[in-house]
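Visitor:
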Amino acid sequence: MLRIAGVPLPGNKTIHIALTYIKGIGQSRSRKILEELRIDPGTKADKLSEEDQGRLRARVEME
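Numbering (this note's numbering), first residue to last: 1 to 63.
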């Protein structure tokens, strides 16, 4: 299970929806972050590569 900012993200959800489980991130901010990192928003959270997880973790924790 992917954990970002101390929040476990559901692996069966697409990453753009899973990110909204983090307080302060809505759908528009989620899409903006994913676009910035060039991560496909339709990817399931549990299918992200280790590299993408690390980049996403670093970007979200920068907020």
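In this text, a Cβ means the ideal position worked out from N, Cα and C, and glycines have one as well.
Keep in mind that this is a model prediction, so the values were computed, not measured.
Going by C-alpha distance, which of I4, L9, G24, L56 is nearest E132?
Guide: Lying outside 1 to 63, the shown extent of the chain, residue 132 is not represented and no answer is given.
Visitor: Look at the Cβ atom of L2, then the Cβ atom of H16, and state whether they are nearer than 7 angstroms.
Guide: Contact flag unset, no.
Visitor: Could you tell me how far apart the beta carbons of T20 and P41 are, in whole angstroms, since I believe they sit closer than 8 angstroms?
Guide: At roughly 11 angstroms, the Cβ-Cβ gap does not stay under 8 angstroms, so T20 and P41 are not in contact.
Visitor: Could you give the first and the last residue of the continuous alpha helix (DSSP H) run that contains I17?
Guide: Unbroken alpha helix (DSSP H) run through I17: 15-18.
Visitor: When we look at the beta-carbon of A18 and count the other beta-carbons within 10 Å, is it buried (16 or more) or exposed?
Guide: With 16 or more Cβ atoms within 10 Å of its Cβ, A18 is classed as buried.
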